[in-house]
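Numbering (our numbering), first residue to last: 1 to 415.
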């Protein structure tokens, strides 16, 4: 059973299964599929939102997913981490800018070439935000398969993906707002949540649950009322959780955790970089439920009929893969020329492959598509744009093939 669980987590099978099932279901019975994901639990509302399946998954469950991502970033900037000293984070953040400007530039260019003079050209151009984000879960999975779990490229890509998604969610709030953003609510709720988390840390609160249940909830209310996507609510809270003083690797797999337990049972002292800190327990206790829950995220967001495929699908796909690769590679390369090197162990080859992996745009790309094409006159382009985001999963295979052709192997393979 433990091996099955490890396999499910290692290869993000629940997420992939959710995407596949949703595509099948939506193409067999679209009406029933939409009835399921928009099913409402009673007449209750939460901050004005109906409690639908889609809302509970995207606005509440995904908070934990982004929280785990924030945990990985927090540890990677510690002494010994791949992004320490902090100047190392500059290059991935420059890559993030390239990962936004590159896809946007390609998107506008292709829309101009394909729809110049078309009556709907302005409507299609409005979807420029769709290819700006990177799917953290799939990018993390593919990067670990290609580079190895401990390679610097994984932490580079993880920071880039989180920043990309933060920008993507910011685009939703600023460019595609449901109503005018009211950022003062961040001061009213999110800032007090951060202060509360800081106080709990200073008072020696070691359990992770109070940080989520109290500080996290305050932050979630702030994000939601400010009309920013609440999925990022734990990102400003997680760094306040007590953690190790050093980081000796980005990710500790289940086999290593089992070794820790075995060593403890034998009476040996365990002194790894986690030291069973609050951050470690937060991830260790939630990783499996989150990985399994990603099935429902994939199911609720990727159901698009294949009949919706059109030119917009290929524009979104090309913008994600080509735009990300060119933008990230150029901006990060430029960073090395102005004094901000790549993390140790990364070369230009690793950078190009990481840029392709960043073209995996499922999660926030689906979010943005839903906002960019939500009006009645734009509805005809929602399905095609979503399908482009779904097809971007092929970036993983493309990156894998190119990496192997260039001799890039996982570190565990001895390279």
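For glycine and all other residues, C-beta sits at the position ideal for the given N, C-alpha and C. Every value quoted in this text rests on a predicted model; they were computed, and no experiment measured them.
CB contact flag (residue i, residue j, <8 Å)
i           : j           : result
residue 74  : residue 236 : no
residue 89  : residue 357 : no
residue 347 : residue 107 : no
residue 359 : residue 395 : yes
residue 126 : residue 369 : no
residue 231 : residue 59  : yes
residue 160 : residue 76  : no
residue 66  : residue 234 : yes
residue 300 : residue 124 : no
residue 156 : residue 354 : yes
residue 341 : residue 91  : yes
residue 220 : residue 19  : no
residue 218 : residue 193 : yes
residue 282 : residue 71  : yes
residue 39  : residue 33  : no
residue 117 : residue 331 : no
residue 352 : residue 336 : no
residue 334 : residue 78  : no
residue 200 : residue 211 : yes
Extent of the continuous beta strand (DSSP E) to which residue i belongs
i           : result
residue 228 : Looking at the DSSP string, residue 228 is not in any beta strand (DSSP E), and its letter there is neither H nor E.
residue 51  : 49-52
residue 66  : Where residue 66 is concerned, there is no enclosing beta strand (DSSP E), although the alpha helix (DSSP H) it sits in stretches over 62-76.
residue 351 : Counting along the chain, residue 351 falls outside any beta strand (DSSP E), though it belongs to the alpha helix (DSSP H) covering 348-357.
residue 41  : 40-46
Assumed close pair residue i, residue j - CB separation to whole angstroms, cut-off 8 Å
i           : j           : result
residue 326 : residue 388 : 17 Å between Cβ atoms; not a contact.
residue 277 : residue 321 : With 8 Å as the limit, residue 277 and residue 321 do not qualify as a contact, their Cβ atoms being about 38 Å apart.
residue 102 : residue 243 : With 8 Å as the limit, residue 102 and residue 243 do not qualify as a contact, their Cβ atoms being about 34 Å apart.
residue 196 : residue 215 : 5 Å
residue 350 : residue 153 : 5 Å
residue 143 : residue 183 : Not really, about 33 Å apart at Cβ, beyond 8 Å.
residue 14  : residue 295 : 4 Å
residue 399 : residue 146 : 6 Å
residue 23  : residue 304 : 7 Å
Option nearest residue i by Cα separation, candidates the options
i           : options            : result
residue 85  : 246, 17, 101       : 246
residue 314 : 196, 405, 130, 49  : 130
residue 361 : 132, 222, 330      : 132
residue 284 : 18, 69, 170, 25    : 69
residue 27  : 380, 376, 302      : 302
residue 298 : 42, 54, 44         : 54
residue 345 : 199, 122, 148, 117 : 148
residue 128 : 61, 204, 175       : 175
residue 381 : 72, 400, 115       : 115
residue 100 : 364, 375, 403      : 364
residue 435 : 199, 223, 207      : The structure shown does not extend to residue 435, since the chain is modelled only from 1 through 415, so no value can be given for it.
residue 371 : 146, 113, 338, 173 : 173
residue 16  : 87, 47, 406, 135   : 135
residue 290 : 46, 61, 96, 94     : 61
residue 110 : 317, 329, 352, 336 : 317
residue 168 : 202, 120, 96       : 96
residue 310 : 383, 339, 141      : 383
residue 120 : 375, 151, 191, 43  : 375
Run of the alpha helix (DSSP H) containing residue i, from where it starts to where it stops
i           : result
residue 31  : 30-37
residue 362 : 362-372
residue 200 : 191-202
residue 379 : Looking at the DSSP string, residue 379 is not in any alpha helix (DSSP H), and its letter there is neither H nor E.
residue 325 : 324-337
residue 398 : 394-405
residue 140 : 136-147
residue 306 : Residue 306 -> no alpha helix (DSSP H), and no H or E assigned at all.
residue 283 : 278-301
residue 108 : 90-115
residue 122 : 121-125
residue 237 : Here residue 237 belongs to no alpha helix (DSSP H), and DSSP marks it neither H nor E.
residue 311 : 311-318
Residue-level contact to chain B via CB, residue i, 8 Å cutoff
i           : result
residue 310 : No chain B appears in this structure, which consists of one protein chain only.
Contact test: residue i Cβ vs the ligand ZN heavy atom, cutoff 7 Å
i           : result
residue 243 : The ligand content of the structure shown is nil, which means the ligand ZN is not present either.
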